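As structure tokens, the structure follows; a few thoughts come after it.
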Amino acid sequence: MAYWANGLPAGAALALTAALFHVFNHSVFKSLLFFGSGAVLTATGERDMEHLGGLIHRMPKTAFAFLVGCAAISALPPLNGFVSEWLTFQAIVLNPDLPQWGLKIAIPADGALLALSAALAAACFVKAFGVCFLGRPRSTQAASAREVDYFSLAPMFILAAICLLAGVLPGVVVDSLEPVTTSILGGRMPTQLGDRWLSLVPMSAGRSSYNGLLVFLFITASTLIVVFLVHRFASNAIRRSAAWDCGFPDPRPETQYTAESFAQPIRRVFGSVVFRTREVVDMPLPGDMRPARITRFARDVAWDGLYIPVAAAVGAMADWMNVLQFLTIRQYLAFVFIALVALLTALALWQ
Amino acid sequence: MNEPASLWLLLVQFAQMSLVICLAPLLTGLVRKVKARLQRRRGPPLLQPYRDLRRLMLKQVVLAENASWLFRVVPYLMLSITWVAAALVPTFATGLMFNWTGDLIAIAGLLGAARFAQALAALDIGTSFGGIGSSREVMFASLAEPATMMIILCVALVAGSTQLSTIADHMANGAVGLRVSLALALIALIIVALAENARIPVDNPATHLELTMVHEAMVLEYSGRHLAMIDLAAFLKLLLYLSLIGCIFFPFGIAQAGAGPEYYLIGLAFYVMKLMLGGVLLGVFEMSIAKLRVFRVPNFLGAGFMLGLLGVLLLYVSRGM
Numbered sequence: 000m001a002y003w004a005n006g007l008p009a010g011a012a013l014a015l016t017a018a019l020f021h022v023f024n025h026s027v028f029k030s031l032l033f034f035g036s037g038a039v040l041t042a043t044g045e046r047d048m049e050h051l052g053g054l055i056h057r058m059p060k061t062a063f064a065f066l067v068g069c070a071a072i073s074a075l076p077p078l079n080g081f082v083s084e085w086l087t088f089q090a091i092v093l094n095p096d097l098p099q100w101g102l103k104i105a106i107p108a109d110g111a112l113l114a115l116s117a118a119l120a121a122a123c124f125v126k127a128f129g130v131c132f133l134g135r136p137r138s139t140q141a142a143s144a145r146e147v148d149y150f151s152l153a154p155m156f157i158l159a160a161i162c163l164l165a166g167v168l169p170g171v172v173v174d175s176l177e178p179v180t181t182s183i184l185g186g187r188m189p190t191q192l193g194d195r196w197l198s199l200v201p202m203s204a205g206r207s208s209y210n211g212l213l214v215f216l217f218i219t220a221s222t223l224i225v226v227f228l229v230h231r232f233a234s235n236a237i238r239r240s241a242a243w244d245c246g247f248p249d250p251r252p253e254t255q256y257t258a259e260s261f262a263q264p265i266r267r268v269f270g271s272v273v274f275r276t277r278e279v280v281d282m283p284l285p286g287d288m289r290p291a292r293i294t295r296f297a298r299d300v301a302w303d304g305l306y307i308p309v310a311a312a313v314g315a316m317a318d319w320m321n322v323l324q325f326l327t328i329r330q331y332l333a334f335v336f337i338a339l340v341a342l343l344t345a346l347a348l349w350q
Numbered sequence: 000m001n002e003p004a005s006l007w008l009l010l011v012q013f014a015q016m017s018l019v020i021c022l023a024p025l026l027t028g029l030v031r032k033v034k035a036r037l038q039r040r041r042g043p044p045l046l047q048p049y050r051d052l053r054r055l056m057l058k059q060v061v062l063a064e065n066a067s068w069l070f071r072v073v074p075y076l077m078l079s080i081t082w083v084a085a086a087l088v089p090t091f092a093t094g095l096m097f098n099w100t101g102d103l104i105a106i107a108g109l110l111g112a113a114r115f116a117q118a119l120a121a122l123d124i125g126t127s128f129g130g131i132g133s134s135r136e137v138m139f140a141s142l143a144e145p146a147t148m149m150i151i152l153c154v155a156l157v158a159g160s161t162q163l164s165t166i167a168d169h170m171a172n173g174a175v176g177l178r179v180s181l182a183l184a185l186i187a188l189i190i191v192a193l194a195e196n197a198r199i200p201v202d203n204p205a206t207h208l209e210l211t212m213v214h215e216a217m218v219l220e221y222s223g224r225h226l227a228m229i230d231l232a233a234f235l236k237l238l239l240y241l242s243l244i245g246c247i248f249f250p251f252g253i254a255q256a257g258a259g260p261e262y263y264l265i266g267l268a269f270y271v272m273k274l275m276l277g278g279v280l281l282g283v284f285e286m287s288i289a290k291l292r293v294f295r296v297p298n299f300l301g302a303g304f305m306l307g308l309l310g311v312l313l314l315y316v317s318r319g320m
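Note that the protein sequences, when read in sequence, are chains A and B.
Numbered per numbering that gives the first Met the number 0, the first sequence spans residues 0 to 350.
Numbered per numbering that gives the first Met the number 0, the second sequence spans residues 0 to 320.
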């Protein structure tokens with residue numbers, strides 16, 4: 000919008016396309032992830048991540064589709080999430096063209112926040128996939144889960160394919176968003192299809208370009224080369240054995256990292272500012288047989304700063320109005336009369 | 000573009016791809032040698048990393064009983080993704096055939112993808128060491144990525160492009176001069192590079208069995224050819240960051256598009272010299288500093304982020320005047 004207001008239609012079209020692409024992507028991979036969670040719920044009857052684990056062995060197809068969704072939402076190339084993030088960064092890099100100082104400072108901060116949210120999304124989905132699908136099962140339901148039927152799997156795979164296609168051929172999506180940007184802004188991004196090798200070029204080729212197709216082909220080709228070389232020259236022998244874990248493997252599934260413990264470092268780094276997290280460790284003295292406990296307190300700033308004052312104001316207002324509930328019928332009639340007169344006066348003044 | 004020229008560029012591109020993968024273990028060997036000499040040890044020979052890789056490749060893989068397909072696929076993916084990212088950085092020449100495939104942001108994204116895969120694989124067996132490594136790695140990543148973005152923004156504002164080839168050409172032509180912002184971005188990039196490569200103030204590459212380890216904790220369950228591929232990917236990543244610093248901040252002698260073969264040779268010589276210098280400096284730096292506690296690392300990376308942001312703001316101020 001800022002670009003548009005300052006008469007930079009190309010930048011505005013780029014920013015709007017990035018935003019629309021982002022919305023499109025979210026509609027795809029969020030649906031995919033919800034389908035996946037639904038499949039897990041159907042298969043195990045569990046909503047709590049701390050009771051799952053090891054589902055990749057029991058539900059390999061769901062796991063694969065869910066993994067694609069996780070990688071896409073974490074903005075990893077060559078999937079679609081990365082393309083919209085890339086376009087947004089390209090819009091951010093254009094910001095010195097803006098004349099206003101406030102915006103100049105605010106937009107780089109925006110970029111940093113975008114990078115932070117992408118990294119936190121990656122952390123979150125490593126946690127989600129890792130705790131639900133990887134590791135060892137933490138409950139009997141998870142250990143005995145069955146793969147869901149093909150009607151449940153098909154939509155997940157279709158959405159996963161869209162994630163990959165939109166990431167590999169972003170030009171198609173960008174061009175199909177063109178009527179929207181034209182009608183809103185009167186400007187548009189350069190046509191993407193027909194460019195050499197289907198490359199994505201937001202402004203000009205010397206400035207920046209991204210080619211999802213070639214990145215994908217490159218990764219495929221180099222993976223094939225690596226697989227070929229390794230299987231040609233390296234040993235192919237595999238022996239199954241117990242996990243190593245530095246010599247102290249504990250077979251109980253409780254010894255694994257849980258979702259709670261996985262997030263602990265991030266909570267300690269960011270949580271102390273944003274959520275005022277505090278951790279209280281209750282460690283019994285030697286000889287005392289009580290279990291040690293760690294208790295976590297978190298406060299949601301949005302909840303405390305926004306909702307609680309509003310709720311408190313509503314409550315105070317209700318208390319104050321409560322007096323009106325215990326009036327006589329004459330007083331009510333007087334109120335109705337005063338209200339009518341006030342309304343009519345207001346109407347008369349309005350006209 | 001006529002046929003022989005594009006064929007030539009393709010050839011140079013393949014030369015670069017094989018060059019990075021051949022040089023990467025040597026660079027790590029050099030760093031190890033420098034560190035050993037500073038500790039008054041003789042140290043392993045320079046070629047030791049190649050021998051280690053060969054030994055691991057020829058060994059049998061010992062796989063945990065509950066390892067899934069993901070655990071076995073990840074080493075291949077990590078190596079190939081890191082390789083592609085390393086091939087996109089101009090090393091001895093700019094304007095290569097595939098340089099326009101991806102820019103700086105794409106390279107950062109590819110490295111993020113490799114890290115994502117590794118963090119997942121670490122959780123696969125369900126051991127506590129894998130969990131600790133993975134959880135700390137994503138914490139570091141959430142701090143390093145905003146810093147990376149600030150550096151990219153700073154460099155892109157100076158050069159007017161996020162395309163590495165264009166940036167290197169722009170910097171090499173000397174039109175930029177000395178800029179405080181670029182110095183700040185350089186320090187920030189070094190901080191990020193140390194964190195991303197699990198080098199000393201953040202992580203210790205030479206240790207096992209230490210509660211502070213991050214990278215080594217994630218790869219603890221790997222063995223044989225899988226471990227060899229992960230090690231090679233780590234060597235490549237170190238080379239990638241040094242090449243990145245070289246091509247953005249010190250692009251002396253880099254061969255530009257359309258130059259003759261003799262310029263490519265000169266560029267190659269300069270590149271190898273830059274790598275050697277970088278490796279020696281890294282070794283000296285690692286010997287002169289102690290490892291940080293894990294929860295001190297956010298301050299270290301936060302300093303990197305602030306430097307990057309300062310660089311960007313300084314650019315605006317200096318342009319506004």
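C-beta atoms are modelled at their ideal positions from N, C-alpha and C, and glycine is treated no differently.
Just so it is clear, the structure is predicted and the values come from calculations on it, not from any experiment.
For glutamate 259/A, name the three-state secondary structure that DSSP assigns.
-> If DSSP states are grouped into helix, strand and coil, glutamate 259/A belongs with the helices.
Enumerated in chain order, which unbroken segments of the beta strand (DSSP E) with a length of 3 residues or greater are wholly contained in the stretch 135 to 176 of chain B?
-> If only uninterrupted beta strand (DSSP E) runs of at least 3 residues are considered, none is enclosed by the stretch 135 to 176 of chain B.
Would you mind telling me which residues of chain B sit closer than 8 Å to phenylalanine 232/A, beta carbon to beta carbon, in chain order?
-> Chain B residues near phenylalanine 232/A: Met56.
Taking DSSP as the reference, what is the three-state secondary structure of phenylalanine 124/A?
-> Phenylalanine 124/A: helix per DSSP, three-state reduction.
Just mark proline 24/B as buried or exposed, buried being the case when its beta carbon has 16 or more other beta carbons within 10 Å.
-> By the C-beta density criterion, proline 24/B is buried, having at least 16 other C-beta atoms within 10 angstroms.
Where do the ends of the alpha helix (DSSP H) carrying aspartate 123/B lie?
-> From DSSP, the alpha helix (DSSP H) with aspartate 123/B extends over 103 to 123.
Excluding five sequence neighbours on each side, which residues of the same chain lie with their C-beta closer than 6 Å to the C-beta of isoleucine 106/B?
-> If we look at isoleucine 106/B and ignore the five residues flanking it on each side, its Cβ neighbours are Ala84, Leu87.
Chain A residues whose Cβ lies nearer than 9 Å to that of arginine 135/B = Here the neighbours are Pro264.
Straight-line gap, leucine 309/B to alanine 291/A (C-alpha atoms, nearest Å) | Distance between the alpha carbons of leucine 309/B and alanine 291/A: 45 Å.
Is the shortest distance between the beta-carbon of arginine 178/B and the beta-carbons of chain A less than 8 Å?
-> Taking Cβ atoms only, chain A never reaches closer than 8 Å to arginine 178/B, which makes this a no.
Candidates Pro178/A, Ser207/A, Asp174/A: which alpha carbon is nearest alanine 155/B's?
-> The shortest C-alpha separation from alanine 155/B is found at Ser207/A.
Run through DSSP, which three-state label would leucine 62/B get?
-> If DSSP states are grouped into helix, strand and coil, leucine 62/B belongs with the strands.
Are any of the Cβ atoms in chain A nearer than 8 Å to that of alanine 112/B?
-> Yes, its Cβ sits closer than 8 Å to a Cβ of chain A.
Have a look at lysine 126/A and glycine 134/A and give me their C-alpha separation to the nearest angstrom.
-> Their backbone Cα atoms lie some 11 Å apart in a straight line.
Opposing strand residues paired with threonine 139/A [DSSP bridges] | According to DSSP, which records beta bridges pairwise, threonine 139/A is partnered with nothing at all.
Determine which residues share a DSSP beta bridge with phenylalanine 296/A and list them.
-> DSSP lists Arg277/A as partners of phenylalanine 296/A.
Supposed contact pair glycine 111/B and leucine 122/B - C-beta distance, whole angstroms, cut 8 Å = Not a contact, Cβ separation roughly 17 Å.
Give the secondary structure of phenylalanine 13/B by DSSP, where H, G and I count as helix, E and B as strand, and everything else as coil.
-> Three-state result, phenylalanine 13/B: helix.
Indicate whether the contact test is met: 3 or more Cβ pairs, each with one atom in the stretch 14 to 30 of chain A and one in the stretch 69 to 87 of chain A, closer than 8 Å.
-> A contact exists between the stretch 14 to 30 of chain A and the stretch 69 to 87 of chain A.
Per-residue DSSP class, three states only, for alanine 187/B | The answer is helix: DSSP assigns alanine 187/B an H, G or I state.
Inter-residue Cα distance where the pair is leucine 62/B and alanine 242/A = In a straight line, the C-alpha of leucine 62/B is about 8 Å away from that of alanine 242/A.
Start-to-end residues for the alpha helix (DSSP H) that takes in serine 79/B = That run of the alpha helix (DSSP H) goes 68 to 87.
Among Ser141/B, Val316/B, Gly125/B, Glu195/B, the one whose alpha carbon lies nearest that of leucine 119/A | For leucine 119/A, the closest of Ser141/B, Val316/B, Gly125/B, Glu195/B by C-alpha to C-alpha distance is Ser141/B.
For phenylalanine 28/A and chain B, any beta-carbon pair shorter than 8 Å?
-> No, its Cβ sits nowhere closer than 8 Å to a Cβ of chain B.
Alpha carbon to alpha carbon, what distance is there between alanine 113/B and threonine 81/B?
-> Near 7 Å, if we compare the C-alpha coordinates of alanine 113/B and threonine 81/B.
Give me the Cα-Cα distance between lysine 32/B and leucine 46/B, rounded to the nearest whole angstrom.
-> Their Cα atoms are separated by approximately 10 Å.
Can you tell which of Val22/A, Leu54/A, Asn24/A has the C-alpha that lies nearest to the C-alpha of serine 387/A?
-> There is no way to answer for residue 387/A, as the model of chain A reaches only from 0 to 350.
Please determine, among Val214/A, Ile337/A, Ala153/A, the residue with the shortest C-alpha to C-alpha distance to threonine 100/B.
-> Considering only Val214/A, Ile337/A, Ala153/A, the residue with the shortest C-alpha distance to threonine 100/B is Val214/A.
Thinking C-beta only, is alanine 90/A closer than 8 Å to glycine 10/A?
-> A contact, by the Cβ cut-off of 8 Å.
Given a threshold of 16 other Cβ atoms within 10 Å of its Cβ, counted over all protein chains shown, does alanine 338/A qualify as buried or as exposed?
-> With fewer than 16 Cβ atoms within 10 Å of its Cβ, alanine 338/A is classed as exposed.
From the DSSP output, which residues share a beta bridge with isoleucine 237/A?
-> In the DSSP secondary-structure assignment, isoleucine 237/A is bridged to Val60/B.
Going by alpha carbons, who is nearest to valine 293/B out of Val218/B, Gly266/B, Ala194/B?
-> Check the Cα spacing between valine 293/B and each of Val218/B, Gly266/B, Ala194/B: the tightest is with Ala194/B.
Spatial distance of alanine 262/A from valine 137/B (CA atoms) | Cα to Cα, the separation comes out at about 9 Å.
Between the CA atoms of methionine 320/A and isoleucine 265/A - distance to the nearest angstrom | Taking the straight line from one Cα to the other gives about 46 Å.
Taking Cβ to Cβ, would you say phenylalanine 128/A is nearer than 8 Å to leucine 119/B?
-> In this structure, leucine 119/B lies closer than 8 Å to phenylalanine 128/A by Cβ.
Residues that DSSP places opposite alanine 268/B in a beta bridge = Paired residue(s): none; alanine 268/B is not in a bridge.
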